[in-house]
Amino acid sequence: MTDRTAVVLLLGVALALAPATIDAGTYRSVDEQGNVTYSDRPPQPEETRAPAPEATPVPEVKAPDAKPAPGAKARNVKVSAPPTAIARTGSTKVDELLELSGARAQLVGLLSRLAAELRPAPGQMSAKDQASVDRILRQALRHEAVYALVRDAFLLHVDRTNLEATAAWLRSPLARKIVALEIASSEPGTEQKVATYAATIKTSPPTDRRVELLQRLDWATAATEISADLVAAASRGITMAVSAAGPAEQQLRPGQIEDRVAQVRARANRALREAHMASTLYAYRGLEDEELAAYVLFSASDAGRWYNSAMRKAMVGALGRAVEQTAAELVRAVPLDRWARAATLAPQPVK
Amino acid sequence: MTTQAMRALASAIALMLCTALGAAAQERPAPAAPSSDLDRAQAAFQAGRHAEALASARRAADAAPTSVRALTARAGMAEFMGEFDEAQTFYDRAAGLAPDDADTIYRTASFTARVGEYDRALTQLDRLLALHPRHVRWLFQWAPTRFQAALLRDHPSLERIVQIKLDILTEKGDLEQARRLARAYAIVQPGQNYCAQARERAGAERDEVFKAFRLASLGQPDAADCIWWYGQWLSDEGYVRLGRLMVIEGSRATASAENKESGARYVRIRLGGNREVPKRAEQLFVIARQRYLRDGDINGASRLFDESIRLAPAFARPYNYRAMIAADLGDREGAMAWLQRALRADPDSWRTHRNLGRLFETLERYPEAEMHLRKTVQLFGDDAGGRLALARVLYAQGKYDDFAKEARAAVAFLANWRAPMPEVRDFLAKFDRWGPGAALPPAPDPHVIMGWNYD
Numbered sequence: 014m015t016d017r018t019a020v021v022l023l024l025g026v027a028l029a030l031a032p033a034t035i036d037a038g039t040y041r042s043v044d045e046q047g048n049v050t051y052s053d054r055p056p057q058p059e060e061t062r063a064p065a066p067e068a069t070p071v072p073e074v075k076a077p078d079a080k081p082a083p084g085a086k087a088r089n090v091k092v093s094a095p096p097t098a099i100a101r102t103g104s105t106k107v108d109e110l111l112e113l114s115g116a117r118a119q120l121v122g123l124l125s126r127l128a129a130e131l132r133p134a135p136g137q138m139s140a141k142d143q144a145s146v147d148r149i150l151r152q153a154l155r156h157e158a159v160y161a162l163v164r165d166a167f168l169l170h171v172d173r174t175n176l177e178a179t180a181a182w183l184r185s186p187l188a189r190k191i192v193a194l195e196i197a198s199s200e201p202g203t204e205q206k207v208a209t210y211a212a213t214i215k216t217s218p219p220t221d222r223r224v225e226l227l228q229r230l231d232w233a234t235a236a237t238e239i240s241a242d243l244v245a246a247a248s249r250g251i252t253m254a255v256s257a258a259g260p261a262e263q264q265l266r267p268g269q270i271e272d273r274v275a276q277v278r279a280r281a282n283r284a285l286r287e288a289h290m291a292s293t294l295y296a297y298r299g300l301e302d303e304e305l306a307a308y309v310l311f312s313a314s315d316a317g318r319w320y321n322s323a324m325r326k327a328m329v330g331a332l333g334r335a336v337e338q339t340a341a342e343l344v345r346a347v348p349l350d351r352w353a354r355a356a357t358l359a360p361q362p363v364k
Numbered sequence: 180m181t182t183q184a185m186r187a188l189a190s191a192i193a194l195m196l197c198t199a200l201g202a203a204a205q206e207r208p209a210p211a212a213p214s215s216d217l218d219r220a221q222a223a224f225q226a227g228r229h230a231e232a233l234a235s236a237r238r239a240a241d242a243a244p245t246s247v248r249a250l251t252a253r254a255g256m257a258e259f260m261g262e263f264d265e266a267q268t269f270y271d272r273a274a275g276l277a278p279d280d281a282d283t284i285y286r287t288a289s290f291t292a293r294v295g296e297y298d299r300a301l302t303q304l305d306r307l308l309a310l311h312p313r314h315v316r317w318l319f320q321w322a323p324t325r326f327q328a329a330l331l332r333d334h335p336s337l338e339r340i341v342q343i344k345l346d347i348l349t350e351k352g353d354l355e356q357a358r359r360l361a362r363a364y365a366i367v368q369p370g371q372n373y374c375a376q377a378r379e380r381a382g383a384e385r386d387e388v389f390k391a392f393r394l395a396s397l398g399q400p401d402a403a404d405c406i407w408w409y410g411q412w413l414s415d416e417g418y419v420r421l422g423r424l425m426v427i428e429g430s431r432a433t434a435s436a437e438n439k440e441s442g443a444r445y446v447r448i449r450l451g452g453n454r455e456v457p458k459r460a461e462q463l464f465v466i467a468r469q470r471y472l473r474d475g476d477i478n479g480a481s482r483l484f485d486e487s488i489r490l491a492p493a494f495a496r497p498y499n500y501r502a503m504i505a506a507d508l509g510d511r512e513g514a515m516a517w518l519q520r521a522l523r524a525d526p527d528s529w530r531t532h533r534n535l536g537r538l539f540e541t542l543e544r545y546p547e548a549e550m551h552l553r554k555t556v557q558l559f560g561d562d563a564g565g566r567l568a569l570a571r572v573l574y575a576q577g578k579y580d581d582f583a584k585e586a587r588a589a590v591a592f593l594a595n596w597r598a599p600m601p602e603v604r605d606f607l608a609k610f611d612r613w614g615p616g617a618a619l620p621p622a623p624d625p626h627v628i629m630g631w632n633y634d
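Residue numbers (this note's numbering), protein chains in the order written: chain A, 14 to 364; chain B, 180 to 634.
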């Protein structure tokens with residue numbers, strides 16, 4: 014576990030930014046009462062709605078608590094139809110917030126993809142090892158378990174005022190449209206579409222205003238930073254597990270692991286920034302500039318910044334823990350040398 | 180709102196796990212060919228497996244208690260690992276078996292100088308000199324300087340004697356006598372610009388830099404800046420006693436009142452002021468740091484740090500390293516406690532305030548972080564990394580004007596040191612354009628000024 018691992022981790026991060034090739038998907042559907050279910054089977058057309066509609070008629074929205082943060086400059090952002098707060102009473106549950114924001118739906122998809130990608134292809138491992146891996150993945154990456162970690166971590170950062178303001182924004186038609194677009198862009202196969210779309214940008218470039226709005230959205234939401242944090246958390250979890258399972262003289266001390274994680278994070282951050290524009294242009298192509306501007310405005314508000322900060326901490330903490338536990342169990346069940354053999358048989362990713 | 184992150188993570192985890200597991204497994208070393216414990220100790224040492232080397236050396240010495248080679252090997256390994264009592268015991272045993280063995284005497288002298296027992300070391304050096312033929316001793320003591328270079332070249336053990344004596348005289352604070360000795364034995368030559376040579380080697384191997392600066396301090400008494408740099412370089416390396424002497428000497432030699440003031444401040448906030456640090460405590464600290472940073476030996480390093488603290492309770496550095504170990508192990512409260520102890524031991528320790536500030540920042544205890552980071556940059560205004568850390572905690576508290584002021588000051592300072600900090604500039608540009616964003620500003624810690632980077 015010396016420099017080689019750093020190279021491997023770097024490769025991992027670089028590839029993390031490349032289009033995913035696995036098409037294992039999870040489908041989300043909402044019934045007439047607004048209950049959400051997840052399945053690996055595509056829902057019938059009449060049961061599919063994204064995002065989840067309210068069971069009751071949606072009231073007219075008015076402006077949420079989306080005031081810019083102190084010192085924020087609102088220039089270049091014109092909001093033609095500001096979203097408005099919903100006159101809804103009662104406390105908003107964190108579950109509901111995570112549901113409304115699409116985080117829960119995206120977590121399901123993520124875990125499903127993770128499990129599919131971690132599962133060695135047939136023939137790479139013995140049937141017995143393969144069965145062990147399958148069992149661990151089923152257990153360790155259960156949606157409910159990981160979601161509970163995220164929710165519990167999120168709860169630590171709850172600020173009631175900001176939570177209510179965020180929920181009000183998320184219930185607005187515009188926010189629901191945005192969430193639907195984000196969920197759609199997280200579905201399997203999107204990367205291919207982004208690549209195709211990126212090619213069209215060259216001949217038909219976006220307007221300066223569009224680019225500015227998307228840059229500002231990334232600034233306000235720290236989406237790229239969160240991505241880099243998640244990659245770093247995964248890197249940390251895996252490095253710790255692999256280091257602990259390796260020979261004593263090759264084990265890394267915690268500070269060394271952190272140094273490597275910092276390197277991985279820095280590289281991930283650079284690569285994510287490069288990929289950011291094409292993927293967000295694609296993801297939000299269904300939004301008008303004014304709608305995007307409203308999204309930016311909310312994201313730059315106290316509530317928006319609170320939500321992104323809390324979500325960042327919750328996701329990074331929970332997924333980091335889940336990955337570390339999963340990796341530790343996998344190397345306990347299947348010794349490193351057998352993973353090494355499987356890796357040599359794995360198809361090489363395309364860079 | 181989390182789409183990009185999710186997508187990135189999905190692939191990252193899979194690729195990292197599969198390939199990291201494979202790579203780690205392939206990195207397992209081939210088993211060493213079996214040989215004697217002494218050979219195994221040597222092989223392990225050369226491979227950087229120092230704990231294993233000491234264990235093998237112990238077995239070798241236990242199995243052959245009358246073998247001088249085995250005993251000195253064990254003593255040497257123990258010395259290297261900071262196990263000074265054990266080293267002393269086995270050097271003594273080896274000396275008892277072979278009282279006239281030059282190598283054993285030299286190594287014993289070197290060890291005793293290392294732990295600050297200078298008179299004992301000088302006695303050993305006298306014994307070493309006495310082993311040489313009468314005419315060699317006569318030449319060594321009476322021949323003019325122009326003959327000494329050739330004499331020392333023909334008799335390397337004589338040069339060893341001189342070099343250890345130079346160290347002892349310097350460490351005892353008698354730099355004038357050390358310089359006279361260096362000139363008398365042609366260790367330094369008149370007219371040589373050792374300072375320029377030292378500066379040329381600034382990025383070279385540690386030993387080369389050390390030797391070059393050392394010659395400058397011995398051969399160019401007027402090279403105030405160079406002597407100053409030597410002191411700062413020694414401080415970074417952990418040699419706080421010699422570092423203090425050199426900084427004081429550099430400050431004395433300079434004509435600049437500003438530099439004199441700067442030197443006095445450096446000694447106060449970086450080297451513990453007048454707090455006495457015995458040589459043994461300093462060396463235990465240096466070795467403990469290596470055992471932790473290089474070997475990852477948490478238990479061994481912790482024990483040596485504790486011993487260093489016992490011998491020098493006002494020495495802030497080992498407390499800071501105990502805090503680092505605790506933080507690395509996830510024990511942030513423990514880390515906090517160690518740093519608080521360090522601050523009680525030395526309230527003006529710039530490094531301790533800095534570490535406390537950064538630790539409070541990771542705990543999101545921003546007001547406390549701000550207090551310590553403000554103190555940090557108050558103690559050392561050129562600490563650009565500390566200033567960027569302060570800017571970050573100001574931003575986290577919504578003190579955006581103060582953030583911008585501190586961040587800009589740090590960036591402007593670093594530009595003079597050819598450290599452009601593009602990520603900080605980029606953040607500031609976006610902040611100016613769009614106001615505060617969700618992410619905290621980056622706070623890199625560039626190591627641009629010698630003497631302030633490591634403890």
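Backbone N, C-alpha and C fix where the C-beta goes; we use that ideal spot for every residue, glycine too. Because the structure is a prediction, the values reported are computed rather than measured.
(request) For chain A, find out if any of its Cβ atoms is closer than 8 Å to the Cβ of Asp-507 (chain B); answer yes or no. (result) At least one beta carbon of chain A lies nearer than 8 Å to the beta carbon of Asp-507 (chain B).
(request) Check whether the Cβ atoms of Phe-559 (chain B) and Trp-529 (chain B) sit closer than 8 Å, and answer yes or no. (result) Yes.
(request) Express the C-alpha separation of Phe-539 (chain B) and Ala-505 (chain B) in angstroms, rounding to a whole number. (result) Taking the straight line from one Cα to the other gives about 14 Å.
(message) Which residue wins for smallest C-alpha separation from Tyr-409 (chain B), given the options B:Ala-328, B:Gly-442, B:Ala-436?
(response) Residue B:Gly-442 holds the alpha-carbon nearest to the alpha-carbon of Tyr-409 (chain B) among B:Ala-328, B:Gly-442, B:Ala-436.
(request) Tell me whether the beta-carbon of Thr-234 (chain A) lies closer than 8 Å to the beta-carbon of Ser-312 (chain A). (result) Taking 8 Å as the Cβ cut-off, Thr-234 (chain A) and Ser-312 (chain A) qualify as a contacting pair.
(request) Alpha carbon to alpha carbon, how far is Glu-455 (chain B) from Arg-237 (chain B)? Give it in angstroms, no decimals. (result) Computed Cα separation, rounded: 34 Å.
(request) Output the distance between the C-alpha atoms of Phe-606 (chain B) and Thr-179 (chain A), rounded to the nearest integer angstrom. (result) Using only the alpha carbons, I get a separation of about 26 Å.
(message) Distance check for Tyr-270 (chain B) and Leu-171 (chain B), CA to CA, integer angstroms please.
(response) Given a span of 180 to 634 for chain B in the structure shown, any question on residue 171 (chain B) remains unanswerable.
(request) Could you please tell me which residues of the stretch 609-625 of chain B, in chain order, have their CB closer than 9 Å to any CB of chain A? (result) Contact annotation: in the stretch 609-625 of chain B, residues whose CB is within less than 9 Å of a CB in chain A are Lys-609, Phe-610, Asp-611, Arg-612, Trp-613, Gly-614, Pro-615, Gly-616, Ala-617, Ala-618, Leu-619.
(request) Check whether the stretch 469-489 of chain B touches the stretch 256-270 of chain B, taking contact to mean three or more Cβ pairs, one atom from each stretch, closer than 8 Å. (result) The stretch 469-489 of chain B vs the stretch 256-270 of chain B: in contact.
(message) Just to make sure I have the definition right: I need the residues of chain B whose C-beta is within less than 8 Å of the C-beta of Pro-267 (chain A). Which are they?
(response) Residues of chain B passing the Cβ test: Asp-507, Leu-508, Gly-509.
(request) Taking 8 Å as the threshold, find out whether the stretch 290-297 of chain A comes into contact with the stretch 124-138 of chain A through three or more Cβ pairs. (result) Between the stretch 290-297 of chain A and the stretch 124-138 of chain A there are fewer than three C-beta pairs closer than 8 Å, too few to call the two in contact.
(request) Starting from Arg-398 (chain B), find everything on chain A with Cβ-Cβ shorter than 9 Å and list it in chain order. (result) Here the sequence assigns Gly to residue 398 (chain B), which means Arg is not the residue at that position. Those do not exist, as Gly-398 (chain B) stays about 39 Å from chain A at its closest Cβ, beyond 9 Å.
(message) Using only CA atoms, which one of A:Ala-331, A:Ala-128, A:Arg-223, A:Thr-216 lies nearest to Glu-304 (chain A)?
(response) Cα-wise, what sits closest to Glu-304 (chain A) is A:Arg-223.
(message) Whole angstroms are fine: how far does the CA of Tyr-574 (chain B) sit from the CA of Lys-584 (chain B)?
(response) Distance between the alpha carbons of Lys-584 (chain B) and Tyr-574 (chain B): 11 Å.
(message) Under 9 Å, CB to CB, which of the residues in the stretch 232-255 of chain A have a partner in chain B?
(response) Result list: Trp-232, Ala-233, Thr-234, Ala-235, Ala-236, Thr-237, Glu-238, Ile-239, Ser-240, Ala-241, Asp-242, Leu-243, Val-244, Ala-246, Ala-247, Ser-248, Gly-250, Ile-251, Thr-252, Ala-254, Val-255.
(request) State the Cα-Cα distance for the pair Trp-412 (chain B) and Phe-610 (chain B), rounded to the nearest angstrom. (result) One C-alpha to the other measures close to 38 Å.
(request) Could you tell me how far apart the beta carbons of Ala-516 (chain B) and Leu-567 (chain B) are, in whole angstroms, since I believe they sit closer than 8 Å? (result) Going by Cβ atoms, the distance from Ala-516 (chain B) to Leu-567 (chain B) rounds to 27 Å, so no, they are not a contact pair.
(message) Just to confirm my understanding: we take Leu-250 (chain B), look at its own chain, exclude 5 residues before and 5 after, and list those with CB closer than 6 Å. What are they?
(response) Its chain contains Ala-240, Phe-269, Arg-272, Ala-273 as the residues whose beta carbon lies nearer than 6 Å to that of Leu-250 (chain B), once the 5 sequence neighbours on both sides are disregarded; these appear in chain order.
(request) Starting from the beta carbon of Gln-264 (chain A), find every residue of chain B whose beta carbon is closer than 8 Å, and list them in chain order. (result) One finds Gly-475 in chain B with Cβ atoms closer than 8 Å to the Cβ of Gln-264 (chain A), taken in chain order.
(message) Buried or exposed, going by whether 16 or more other CB atoms sit within 10 Å of the CB of Val-171 (chain A)?
(response) A residue is called buried when at least 16 other Cβ atoms come within 10 angstroms of its Cβ; Val-171 (chain A) does not meet this threshold and is exposed.
(message) Less than 8 Å between C-beta atoms, sequence neighbours within five positions excluded: which residues of the same chain meet that for Val-247 (chain B)?
(response) The answer, listed in chain order, is Ala-273, Leu-276, Ala-277, Asp-280, Thr-283.
(request) Could you check if Asn-175 (chain A) is buried or exposed, using at least 16 other CB atoms within 10 Å of its CB as the buried criterion? (result) Looking at its Cβ environment, which holds 16 or more other Cβ atoms inside 10 Å, Asn-175 (chain A) is buried.
(request) Please work out which residues of its chain come closer than 7 Å, Cβ to Cβ, to Pro-601 (chain B), disregarding the five sequence neighbours upstream and downstream, and give them in chain order. (result) Correct list: empty, nothing qualifies.
(request) Spatial neighbours of Ala-618 (chain B) within its chain, please: CB distance less than 7 Å, with the 5 preceding and 5 following residues excluded, ordered by chain position. (result) Closer than 7 Å at the Cβ level, and outside the excluded window around Ala-618 (chain B), lies no residue.
(request) Work out the CA separation of Asp-142 (chain A) and Glu-543 (chain B) for me, nearest whole Å. (result) Taking the straight line joining both Cα atoms gives about 43 Å.
(request) Determine, using beta-carbon pairs with one atom in the stretch 134-151 of chain A and one in the stretch 181-197 of chain A, whether at least three such pairs fall under 8 Å. (result) Output reads no: the stretch 181-197 of chain A does not touch the stretch 134-151 of chain A.
(message) According to DSSP, simplified to helix, strand and coil, what is Ser-312 (chain A)?
(response) In the structure shown, the three-state DSSP call for Ser-312 (chain A) is helix.
(request) Mark Pro-218 (chain A) as exposed unless 16 or more other C-beta atoms lie within 10 angstroms of its C-beta, in which case mark it buried. (result) Pro-218 (chain A) is exposed by the Cβ-count criterion.
(request) Indicate the three-state DSSP secondary structure (helix, strand or coil) for Arg-219 (chain B) in the structure shown. (result) Helix.
(request) Please state if the CB of Gly-429 (chain B) and the CB of Thr-494 (chain B) are separated by a distance shorter than 8 Å. (result) Checking the sequence shown, residue 494 (chain B) turns out to be Phe, not Thr. Gly-429 (chain B) sits away from Phe-494 (chain B), with the two beta carbons spaced by 8 Å or more.
(request) Name, please, each residue of chain B whose Cβ falls closer than 9 Å to the Cβ of Ala-313 (chain A). (result) Residues of chain B with a Cβ closer than 9 Å to the Cβ of Ala-313 (chain A) are, in chain order, Trp-613, Gly-614, Pro-615, Gly-616, Ala-617.
(message) On a Cα-Cα basis, can you pick out the residue from A:Arg-273, A:Ser-199, A:Pro-260, A:Trp-319 that is closest to Gly-250 (chain A)?
(response) Distance from the Cα of Gly-250 (chain A) is smallest, within the candidate group A:Arg-273, A:Ser-199, A:Pro-260, A:Trp-319, for A:Arg-273.
(message) Does the CB of Arg-229 (chain A) have a neighbour CB from chain B at under 8 Å?
(response) It does: the Cβ of Arg-229 (chain A) has a partner Cβ on chain B nearer than 8 Å.
(request) Within its chain, find whatever has a CB closer than 6 Å to the CB of His-626 (chain B); leave out the 5 residues flanking it on each side and keep chain order. (result) Contacts found: Asn-632.
(request) Please confirm if Arg-318 (chain A) has its CB atom under 8 Å from at least one CB of chain B. (result) For Arg-318 (chain A), at least one C-beta of chain B is nearer than 8 Å to its own C-beta.
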